[in-house]
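As you go down the protein sequences, you meet chains Z and D in turn.
Residue 300 in the working numbering is what sits at position 294 of the first sequence, and the numbering runs on without skipping anything.
Residue 148 in the working numbering is what sits at position 140 of the second sequence, and the numbering runs on without skipping anything.
For glycine and all other residues, C-beta sits at the position ideal for the given N, C-alpha and C.
This report concerns only the one structure given below.
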Amino acid sequence: MSNLNTNLDRRSFLKVSALAGGGMMLSFSWLAGCKPSTKEELLAMPKEWFELNNYIKIGENGAVTLYSPNPEFGSNVKTSMPMILAEELDTDWKNVFVEQADFYPERFDRQFTGGSQGIRQGWKPLRTAGATARAMLVAAAAQTWNVPASEITTSAGILEHKGSGKKAHYGEVASLAATLEVPEEVQLKDVNTFTIIGNSKRNVDGQKIVTGKPLFGIDHKVEGMKYAAIVHPPAFGMKLKSFDKSSVSGMPGVLDVFPINVFKEDYDRNFFDTTTFPEILAIVGNSTWEVMQAKKSLAVEWENAPETSFSMAGFGGRPSTQVKVPAGLENTVAHKARMAEYIQKNGTVVRRDGNPEEGFKKAAKVIERTYTVPFLAHNTMEPVNCFADVKGDKAVIYGPTQAPDFIRNTIASSLGMPKENVQINLARMGGGFGIRAYSHHMVEAALISQKIQAPVKMVYSREDDMTYGIYRPTYSATYRAALDENNNLLAFHVKAGGIPESPLHANRFPAGAIDNYLAESWDIPSNITIGAFRAPRSNFIAGAEQSFLDELAEAMGKDPIEFRLELLKRAETNPVGENNDYVPKRYASVLELVRDKSNWNSPQANVSRGVSAYFCHNSYVAEVVDTVIKDNQPVVEAVYAAVDCGIVVNPDAARNMGEGAIVDGLGNAFFGEMAFENGAPTKTNFDKYRMIRHKEAPKKIEVHFVDNGEDPTGLGEPLFPPVFAALANSLYKATGKRYYEQPFAPQLEMQNLKM
Amino acid sequence: MALYNLNINGKTQQVDVDPNTPMLWVLRDHLDLVGTKFGCGIAQCGACTIHMDGNAMRSCQLPVSSVGDSKITTIEGLSESGDHPVQQAWMEHDVPQCGYCQAGQIMSAAALLAQNPNPSDTDIDNAMNGNLCRCGTYTRIKAAIKTASQNL
């Protein structure tokens, strides 16, 4: 067991008096809470709840309500985070109700979903909250029974004093416990004694999802609510010139059309205030269908936008930067030509070890390869939408967001009210993948509601959603390796860039494992907006690096796993340089595990295998992809993943997340691509934007976890980046061709394979 | 606008809407049956799948005027208490991640199994290929359909 000083996290446990938005706080009653499904008999609803801290309420009958703080976009935090609370509270999971907390920063730590940090950064605060509540229940029992607290044990929601034979469930002492002082220090469980963490629990929203209950922002409705559609410029580099309201007035159900501006003049943007089109048109009416019909008839004129610039805050307290948005209508052909130019130029040196130039001069052989990927659209299944009800100087917002803390500032500024008056309630999100950290839609809905003085639900069409930007950038990386006559690696060089950002992680593997190493970076400005997309930058650079290492291993006559393990051994025993951003031993452990689980050393006839490994979001993943060519078609037969993300809270859900990341990676590797002509996205819906479907999913996926008892690290993202190279390396074995450019499907089709 | 008497989940429901209004929006905006989801509006993603006389249909491309006396079933009416074998199998395999596409997936799967109680892998792929899942739960969906097939 470990002692944890609660002072660090005391803020979360302090009772908070009703704030300006107090009447709305935690507005979803426990009746709407989610009972984990089980066939065992469940406790009835209690008559009264006693709040032990901001995360935990206990009923007089022993039922427990746990607030899940973070927004849920499908990564299972709504189940897994309460499991951590329940573990340290030492309660019985079957008596737990889980409620989604509203955004309430005075009560909850870090209500942010992104960077695969939910469980990692929630680990200590949630354990502490659970343990603190347990300690207060123990103290209440000690006071009631007049025995020392140290002699009381707990198990599954039952307190027991063996000496006196006294026993009680938590509900019996909850009213007293709720009045006690929060202890200064609490004891956390030994991880080896966990009974809930590590034992799979089903999704607490599962029953609601499979029966179609309202859960998502788009499902929300209140009395008197109006519906809104939006019209945004058709291309990057364009803006609104004029519109003719009379073109739609008189259409059935259409009430009003007006422009809205997301930002007030001179507003200093938050880090996540990326907005492609700050000015858009809103069409308000009586139903979604009617306003969407009006969209098609609305007469609008657009014009070219001038170059603009604005100040934007850095992430995590880093200084603000001035962001320049160039004018012009960009296109993919020109992007590719410009990137090809930059590949030839010197970049900015980000890291240099030893004397790489000398290594290349002495080389008997140099291998040089360039990898390129296109922009990608996130394409969450739930299109952008938001409910807003702005009345006087108060606003209630309900909708999908990964980053309520950021967007609340923007909403408050744009509405002209203190941020405490803006209540954001967190809807379950129909996917996120990064893009819902950029929540300008909440500002848009709020401005529409403020203008019409009524509650409103704004819904983007799929076309609006796919073409509003905030894409994964296009990237390119050139790798070079110098080999001597005996195929020893003399030097290694990576030069990587993109539009409009570089993907380089210069201090990651194989930095630290190679004496002479050079990393350069470049970037090209653009008016096409970008944003976090599942494992930003890693989702490209891993594929490039791990494809190159595969080719290098082949040139050196080495097994690709063995080659990586040799490099990792070097990085472990005698690391080169400083600031190496990985632990070689943990990296090696996932390669060893995947080698074992995939039977790497006993390959099957006619099955082509590729391997890849990567470290990001504090976790290590190695993957093996097996493909076969069946009826002239590449088919992914199996994928094996080995993951080191420390302690796994909810193993089956964690495997599900891993399976999904692998399918996501395969889909984007084969098909993912957004392109531009005259500033306009060339794909606007799923008829043109090809996504992976049932038929292309692997026949089998195995996700294995390293069992090392380390504190949890990221999971939602780390399984995604390695897929690209594991697939490319596998396809190489199957077709004899290396794949340097994503998506792969067009190249496979050029080899007369069916895709 | 026109009046329609629709047979939805075993009950007659009256709506007064434009004849071109897709069933998707009749269900969601007018009848508060929001389990049927809007995904693409062009019958490419399957999130809006419902049953019309037992057949899986994309409700975003189904004008209310074309429904007539047909029996419409939505996810809310698939079973009385969420215990249709497909729903149970979905729970057992803990299929959903974000969950947004799953009602459509379940409706497609239920229609498949009603017509073909023992589908092969290829049958499943063919019947389900119109339903996108951005979270990538395809392998679990297939496993759940096989479980449901055994429990019909």
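Run the CB neighbour count on D:Gln99, radius 10 Å, all protein chains shown included, and call it buried at 16 or more, exposed below. Contrary to the premise, residue 99 of chain D reads as Met rather than Gln in this sequence. The residue in question, D:Met99, is buried, as its Cβ has 16 or more Cβ neighbours within 10 Å.
Z:Leu733 - DSSP class collapsed to helix/strand/coil: helix
Run the CB neighbour count on Z:Asn492, radius 10 Å, all protein chains shown included, and call it buried at 16 or more, exposed below. exposed
For a test of the three-state rule: what should DSSP assign to Z:Arg744, helix, strand or coil? coil
Does DSSP put Z:Ile289 in a helix, a strand or coil? strand
From which residue to which residue does the beta strand (DSSP E) around Z:Val356 run? Thr354 to Asp359
Nonlocal neighbours in the same chain, by C-beta distance under 6 angstroms from D:Thr20, ignoring five residues either side: The beta carbon of D:Thr20 sits closer than 6 angstroms to the beta carbons of Asn13 from its chain, once the five residues preceding and following it are set aside; these are given in chain order.
Exposed unless 16 or more other CB atoms sit within 10 angstroms - verdict on Z:Pro325: exposed
Only counting the same chain, and skipping five residues up and downstream in sequence, which positions put a Cβ closer than 8 angstroms to that of Z:Leu737? Ser614, Gly616, Thr633, Pro640, Lys743, Tyr745, Phe750 and Leu754
In terms of residue numbering, what span does the alpha helix (DSSP H) encompassing Z:Gly365 cover? Pro362 to Lys368
Please classify Z:Val339 as buried or exposed, where buried requires at least 16 neighbouring CB atoms within 10 angstroms. exposed
I'd like the span of the alpha helix (DSSP H) that includes D:Ala10, first residue to last. D:Ala10 -> not in any alpha helix (DSSP H); beta strand (DSSP E) instead, spanning Ala10 to Ile16.
Given 8 angstroms, three or more beta-carbon pairs between the stretch 382 to 397 of chain Z and the stretch 59 to 75 of chain Z: Contact fails: fewer than three Cβ-Cβ distances are below 8 angstroms.
What separation, rounded to the nearest whole angstrom, lies between the Cα atoms of D:Thr231 and D:Thr57? Limits of chain D in this structure are 9 at one end and 160 at the other, which puts residue 231 of chain D out of reach.
Meets three-Cβ-pair contact criterion under 8 angstroms: the stretch 177 to 192 of chain Z and the stretch 142 to 156 of chain Z: yes
Once the 5 residues before and after Z:Asn267 are set aside, which same chain residues still bring their CB inside 7 angstroms of it? Pro284 and Glu285
Proximity winner among Z:Ser553, Z:Ala686 and Z:Tyr523, relative to Z:Val582 (alpha-carbon distances): It is Z:Tyr523 whose Cα lies nearest to the Cα of Z:Val582.
Identity of the residue in Z:Asp274, Z:Gly353 and Z:Lys351 nearest Z:Ser317 by Cα: Z:Asp274
Compare the C-beta of Z:Pro704 with all C-beta atoms of chain D and state if any pair is closer than 8 angstroms. Output row for Z:Pro704: interface = yes.
Does the stretch 287 to 300 of chain Z come within contact of the stretch 237 to 254 of chain Z, defined as at least 3 CB pairs closer than 8 angstroms? yes
Residues near Z:Ile707 in its chain [Cβ-Cβ closer than 6 angstroms; skip 5 each side]: Val645, Glu665 and Ile668
Cβ of D:Asn137 less than 8 angstroms from any chain Z Cβ? Cβ-Cβ to chain Z under 8 angstroms: yes for D:Asn137.
Give the range of the beta strand (DSSP E) segment to which Z:Met244 is assigned. Met244 to Asp250
Euclidean distance between Cα positions of D:Gly47 and Z:Val254: 25 angstroms
So which residues of chain D does Z:Lys219 contact, with C-beta pairs closer than 8 angstroms? For the C-beta of Z:Lys219, the chain D residues within less than 8 angstroms are, from N- to C-terminus, Gly43.
Under 9 angstroms (Cβ pairs) to chain D, residues found in the stretch 91 to 125 of chain Z: none
Once DSSP output is grouped into helix, strand and coil, what is the label at Z:Glu191? strand
Using a Cβ-Cβ cutoff of less than 7 angstroms, which residues in the same chain neighbour Z:Gly671 once the five nearest sequence positions on both sides are dropped? Exclusion of the five residues before and after Z:Gly671 leaves Phe726, Val729 and Phe730 as the residues of its chain whose Cβ lies within less than 7 angstroms of its Cβ.
For a cutoff of 8 angstroms on Cβ pairs, would you count Z:Asn585 as touching chain D? no
How about Z:Ala793 and Z:Leu510: do their beta carbons lie closer than 8 angstroms? Residue 793 of chain Z lies beyond the stretch modelled for chain Z, which goes from 7 to 761, so this question has no answer here.
Buried or exposed for Z:Gly29, going by 16 or more other Cβ atoms inside 10 Å? Residue confidence for Z:Gly29 is low, a pLDDT of 29 falling below 50, so the modelled location carries little weight; the figure read from the coordinates is stated next. By the neighbour-count rule (16 or more Cβ atoms within 10 Å), Z:Gly29 is not buried but exposed.
How would you call Z:Ala343, buried or exposed, if buried means at least 16 neighbouring beta carbons within 10 angstroms? By the 10 Å Cβ count, Z:Ala343 comes out exposed.
Minimum Cβ-Cβ distance from D:Gly18 to chain Z less than 8 angstroms: Residue contact with chain Z for D:Gly18: absent (no Cβ-Cβ distance below 8 angstroms to any residue of chain Z).
Should Z:Leu597 go down as buried or exposed, given a rule of 16 or more other Cβ atoms within 10 Å for buried? buried
Strictly below 9 angstroms CB to CB, what residues from chain D border Z:Met663? Gln105 and Cys143
Could you tell me whether any Cβ in chain D is nearer than 8 angstroms to the Cβ of Z:His447? no
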